[in-house]
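Student:
There are 2 protein chains.
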Amino acid sequence: MDSGLSDVKFLKNGNGNGALVTMIEGGEGLFRVVAQDPESKARCGVLNLPHGPVETPVFMPVGTHGTVKAMIHEELEEIGFSLILGNTYHLYLRPGIQVLQHFKGLHSFTGWRGNILTDSGGFQVFSLTPFRKITKEGVRFRSHIDGSSHFLTPELVVEVQRVFGSDVLMPLDVCTPFGITYKEAWEAVELTTEWAARSKKAWEGTMEKSRGFLFGIVQGNFFPDLREKSAEEILQLDLPGVAIGGLSVGEPFETFLELLSHTVRFLPREKPRYLMGIGTPEFILEAVDQGIDMFDCVFPTRIARNGTAFTRTGRIALKREAFIYSEEPLEPSCACKVCQRYSRGYLRHLFKVGEIAGPVLLTYHNLYYLNQLVKEIRSAIRAGRYPTFKKEFLSRWASPLYNNQLF
Amino acid sequence: MDSGLSDVKFLKNGNGNGALVTMIEGGEGLFRVVAQDPESKARCGVLNLPHGPVETPVFMPVGTHGTVKAMIHEELEEIGFSLILGNTYHLYLRPGIQVLQHFKGLHSFTGWRGNILTDSGGFQVFSLTPFRKITKEGVRFRSHIDGSSHFLTPELVVEVQRVFGSDVLMPLDVCTPFGITYKEAWEAVELTTEWAARSKKAWEGTMEKSRGFLFGIVQGNFFPDLREKSAEEILQLDLPGVAIGGLSVGEPFETFLELLSHTVRFLPREKPRYLMGIGTPEFILEAVDQGIDMFDCVFPTRIARNGTAFTRTGRIALKREAFIYSEEPLEPSCACKVCQRYSRGYLRHLFKVGEIAGPVLLTYHNLYYLNQLVKEIRSAIRAGRYPTFKKEFLSRWASPLYNNQLF
Chain A
1 MDSGLSDVKF LKNGNGNGAL VTMIEGGEGL FRVVAQDPES KARCGVLNLP
51 HGPVETPVFM PVGTHGTVKA MIHEELEEIG FSLILGNTYH LYLRPGIQVL
101 QHFKGLHSFT GWRGNILTDS GGFQVFSLTP FRKITKEGVR FRSHIDGSSH
151 FLTPELVVEV QRVFGSDVLM PLDVCTPFGI TYKEAWEAVE LTTEWAARSK
201 KAWEGTMEKS RGFLFGIVQG NFFPDLREKS AEEILQLDLP GVAIGGLSVG
251 EPFETFLELL SHTVRFLPRE KPRYLMGIGT PEFILEAVDQ GIDMFDCVFP
301 TRIARNGTAF TRTGRIALKR EAFIYSEEPL EPSCACKVCQ RYSRGYLRHL
351 FKVGEIAGPV LLTYHNLYYL NQLVKEIRSA IRAGRYPTFK KEFLSRWASP
401 LYNNQLF
Chain B
1001 MDSGLSDVKF LKNGNGNGAL VTMIEGGEGL FRVVAQDPES KARCGVLNLP
1051 HGPVETPVFM PVGTHGTVKA MIHEELEEIG FSLILGNTYH LYLRPGIQVL
1101 QHFKGLHSFT GWRGNILTDS GGFQVFSLTP FRKITKEGVR FRSHIDGSSH
1151 FLTPELVVEV QRVFGSDVLM PLDVCTPFGI TYKEAWEAVE LTTEWAARSK
1201 KAWEGTMEKS RGFLFGIVQG NFFPDLREKS AEEILQLDLP GVAIGGLSVG
1251 EPFETFLELL SHTVRFLPRE KPRYLMGIGT PEFILEAVDQ GIDMFDCVFP
1301 TRIARNGTAF TRTGRIALKR EAFIYSEEPL EPSCACKVCQ RYSRGYLRHL
1351 FKVGEIAGPV LLTYHNLYYL NQLVKEIRSA IRAGRYPTFK KEFLSRWASP
1401 LYNNQLF
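Protein chains in written order, with the numbering used here: chain A, 1 to 407; chain B, 1001 to 1407.
(1) With K390 (chain A) and D296 (chain A) assumed to form a contact (beta carbons below 8 Å), what rounded beta-carbon distance in angstroms separates them?
(2) What are the start and end residues of each continuous beta strand (DSSP E) run of 3 or more residues lying completely inside the segment 1147–1182 of chain B, in chain order?
(3) So if I threshold CB-CB distances at 7 Å, which residues from the segment 1350–1364 of chain B count as touching chain A?
(4) Could you tell me whether the Cβ atoms of P1359 (chain B) and R1305 (chain B) are closer together than 8 Å?
(5) For G342 (chain A), return the contacting residues in chain B, with the cut-off set at a CB-CB distance below 7 Å.
(6) Throw me the rounded Cβ distance for the A1035 (chain B) and V1021 (chain B) pair, which I believe falls under 8 Å.
(7) Rounded to whole angstroms, how far is the Cβ of N1371 (chain B) from the Cβ of I1079 (chain B), which I believe are closer than 8 Å?
(8) Sort A:I284, A:V218 and A:L85 by Cα distance to K375 (chain A) and report the nearest one.
(9) Going by beta carbon distance, what residues of the same chain come within less than 6 Å of S143 (chain A), once the five residues before and after it are set aside?
(10) S166 (chain A) and L106 (chain A): beta carbons closer than 8 Å?
(11) Report the CB separation of W195 (chain A) from L172 (chain A) in whole angstroms; it is logged as a contact under 8 Å.
(12) Where does the unbroken alpha helix (DSSP H) through F351 (chain A) begin, and where does it stop?
(13) Under 8 Å by Cβ, that's how I've got P329 (chain A) and S343 (chain A) pegged, so tell me the actual separation to the nearest angstrom.
(14) If you compare alpha carbons, which of A:W203, A:T176 and A:G205 is closest to L191 (chain A)?
(15) Cα separation between K1104 (chain B) and Y369 (chain A)?
(16) Ends of the beta strand (DSSP E) at P53 (chain A)?
(17) If we ignore side chains and look at the alpha-carbon of each, how far apart do A1197 (chain B) and V1264 (chain B) end up?
(18) Please name the residue, chosen from A:M276, A:K271 and A:R227, that lies closest to S248 (chain A) on a Cα-to-Cα basis.
(19) Tell me the DSSP secondary structure of S1003 (chain B) in three-state form.
(20) Quick one: what's got a C-beta closer than 6 Å to S1210 (chain B)'s C-beta in the same chain, skipping five residues either side?
(21) Considering only residues of the same chain and omitting the five flanking positions on each side of G26 (chain A), which have a CB-CB separation below 6 Å?
(22) For T64 (chain A) versus H90 (chain A), is the C-beta spacing smaller than 8 Å?
(23) Give the straight-line distance between the Cα atoms of D37 (chain A) and G291 (chain A), rounded to the nearest whole angstrom.
(24) In this structure, what does DSSP give as the bridge partners for D296 (chain A)?
(25) By alpha-carbon positions, which one of B:K1337, B:F1310, B:R1348 and B:G1314 ends up nearest to I1324 (chain B)?
(26) Flag this pair as touching only if the segment 1128–1141 of chain B and the segment 1149–1158 of chain B have three or more C-beta atom pairs under 8 Å; answer yes or no.
(27) Along the beta strand (DSSP E) that carries A309 (chain A), what are the first and last residues, could you check?
(28) Let me know the secondary structure DSSP gives K1133 (chain B) once reduced to three states.
(29) Once the 5 residues before and after E327 (chain A) are set aside, which same chain residues still bring their CB inside 7 Å of it?
(30) Roughly how many angstroms lie between the CA atoms of R382 (chain A) and C44 (chain A), to the nearest whole one?
(31) Straight-line CA distance for R1315 (chain B) to L1076 (chain B)?
(32) Reducing DSSP to helix, strand and coil, say where T192 (chain A) ends up.
(33) Chain A partners of K1041 (chain B), CB-CB under 9 Å?
(34) Comparing the C-beta of Y276 (chain A) with each C-beta of chain B, is any distance below 8 Å?
(35) Measure from the C-beta of A70 (chain A) to each C-beta in chain B and report whether the shortest distance is under 8 Å.
(36) Residues in the same chain with beta-carbon distance under 6 Å from F1178 (chain B), minus the five sequence neighbours each way, listed in chain order, please.
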């Protein structure tokens, strides 16, 4: 796994090129910032999680059912991931709490030895279920699998993640779509704050069950003053980390950037910042620029299963005829095992004949690519040249930026 | 990869336990027998193939489209396979000859560095296509994919496998089902012999194109005298190896054993013997007992994708409720990476939620298991205790032997 602590030590001695990077010492808590870019808000840090340290900025692959789709744990370790996501909603339904209790948590059930962050299930309840009803107490919903009825409360969501033994826990929040009224957004913020307070209490009352850290989630839809209100209320709870929810849900890219930049202004420097649902190079680069430390997204693995791969200059859809005779690797400059061995022509063939190896190899490459990207981002920040790195990357990157393709 | 040549050298010095194993020296051709069990026809050998030596008895995983289903090449190498199968019928249709010509063969197209045996396509033409018509010249058929019309001749089939750069080539033969008349079976043998002679000529005329070895295929359906006739005619061609086709196609297990034993009597000791379409422990053990050196079958990988795994005592269907809480590995005595890390309960979960990792991990285990079985078979033969090994294995193995479940 890629703990990268040797890098951190090296950098404490100076970055060697005279740039005005701030190197920050020590700190015993969950998180410490180890380098701060002088021109942007970009920073490097280390998360001290129960299953080992994690360098930030970090991309976290999504393991919905306790496994990253089309990967096996061995491959994630090979790439260097030491923090993955699990979806509480899915795991709560299958295999369910009884099974996870029997196995004493997600780590021993799944065999994953690194860290696991689990979301609250809120986003899935709002996006996947055929029926839901929010009350002050919690949210009732029907399962998208068998229609069975369930009731999630902030307390239950924390309790469930304690059973999981999650290294980072997320509180139940109210997710709202782009385009709702101010009043609806205001009510959602109110309830999110109330639920966060109840979640904190439940988390503090279950410290003996696991060593995980509870983050707060800032909501507020696309209303700048509600973002400020939510940030202030959530930060008052003084949880170990803070997440930004409800962005990148279908809004124009410019709106995303404005609201992100606006929200980050209220976040304290010393806590890790997690922007939920981000996972393409252009979004990651912008988010890092705004001082974001953690991201997750199903997009890189989902497009891989459909035959689309990241390259240095953009994305390629392998099923296109143009690649039938291509002897090139997916990305000639990539050092991953897929690019060292397999041609675009062969990978295209695997997709055309429907072989599992196609999704497996493309998922491996896309995850390697993103892990490599955050590694390079960290190096650039520590070398005091993040803005240049970002500019150079985006200058060669063909992106549908103002044409949000994330959802 | 598991070339195992050190084992062979060691055994030339004697087997150390006084058993009457015959150890055979040298030989510069394709194949040499290195140990012969004293009580059965079981033997160990080495195939000297263009992409490295292969110890026999050997199980060959099937890579229909130039990839073993649910595996990547790295995993096959990890397990120790150095000889896999490709299906000429499928590869001829997709990606097609033009693509494989452009890539200069299957090895460079697929990135597989070990040996490849390709079948003739005959079996698929007879079992998969919606339409076929046999003439003396060859076989016309419609593709099961797009209905397009194709005409395979013995010469074209050799030519195609030369384009593949196959390490072992198989000639076009006439495959017949269980239950046909003597006359039909006789005609199929006649044509198979004629086609084998034409294949040999085509193979000899294309020696400059690749270094692959052409095998003959003995047919004869379930008529003992036709098996003898076919064996005599095919062996007269003096090809480097000999295969037995048309067995294990739905006949009772006893019939399979009788015909196998009968056919082997006509095969010379010095040529490698390949029994097509065999791949469960009980069939492998019986075939080795009859002096068979090579086997292939889609069964172990196909059942893996459906959630069934080999254990020491038989097969388990993981989707059964009984495994929900099982913390045991698939097979406690198995050293594979799947059994070292994952529980039956977790693997069951992966199948229940439809994750790709389920088929991937079970395929890995089943292939590891069979490779381990043939390794143990080789050790037993060299130690002069093959009949005991077979008896012990089958005494604990729950098998539906007389209830053919292979097809």
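Beta carbons: idealized from backbone N, C-alpha and C, even for Gly.
Given the structure is predicted, the values throughout are model-derived calculations rather than measurements.
Tutor: Based on what the coordinates show:
(1) With a Cβ gap of about 20 Å, K390 (chain A) and D296 (chain A) do not count as contacting.
(2) 1149–1152
(3) L1350, K1352, V1353, E1355, I1356, A1357, P1359, V1360 and L1361
(4) Closer than 8 Å, so yes.
(5) Note on residue identity: the sequence assigns Tyr, not Gly, to residue 342 (chain A). Against chain B, the beta carbon of Y342 (chain A) has neighbours under 7 Å at G1111, listed in chain order.
(6) 5 Å
(7) Right, their Cβ atoms sit about 5 Å apart.
(8) A:I284
(9) L93
(10) Going by C-beta atoms, S166 (chain A) is nearer than 8 Å to L106 (chain A).
(11) 5 Å
(12) Per DSSP, F351 (chain A) belongs to the alpha helix (DSSP H) from R344 to K352.
(13) 7 Å
(14) A:T176
(15) 29 Å
(16) G52 to T56
(17) Just so you know, the alpha carbons of A1197 (chain B) and V1264 (chain B) end up roughly 21 Å apart.
(18) It is A:M276.
(19) Summary for S1003 (chain B): the model assigns pLDDT 40, below 50, so the residue's position carries little reliability; its value from the coordinates is reported in the next sentence. Three-state result, S1003 (chain B): coil.
(20) By the criterion of a C-beta distance shorter than 6 Å, S1210 (chain B) is surrounded in its chain by R1162 and G1165, once the five residues flanking it on both sides are discounted.
(21) Because G26 (chain A) sits at a pLDDT of 45, beneath the cut-off of 50, its placement in the model cannot be relied upon, and the following sentence gives the value as read from the coordinates. Excluding sequence neighbours, G26 (chain A) sits near nothing in its chain.
(22) yes
(23) Near 9 Å, if we compare the C-alpha coordinates of G291 (chain A) and D37 (chain A).
(24) A:M60
(25) B:R1348
(26) yes
(27) T308 to T311
(28) strand
(29) S343 and G345
(30) 7 Å
(31) The straight-line gap separating the alpha-carbon atoms of R1315 (chain B) and L1076 (chain B) is approximately 22 Å.
(32) Reduced to three states, the DSSP call for T192 (chain A) is helix.
(33) Neighbours of K1041 (chain B) in chain A, taken as residues at a C-beta separation under 9 Å, are lacking, since the least C-beta distance is about 37 Å.
(34) Note on identity: in this sequence residue 276 (chain A) is Met, with Tyr being the wrong assignment. M276 (chain A) does not count as touching chain B.
(35) Residue-level contact check: A70 (chain A) touches chain B, since one or more beta carbons of chain B fall below 8 Å from its beta carbon.
(36) If we look at F1178 (chain B) and ignore the five residues flanking it on each side, its Cβ neighbours are V1249, G1250 and E1251.
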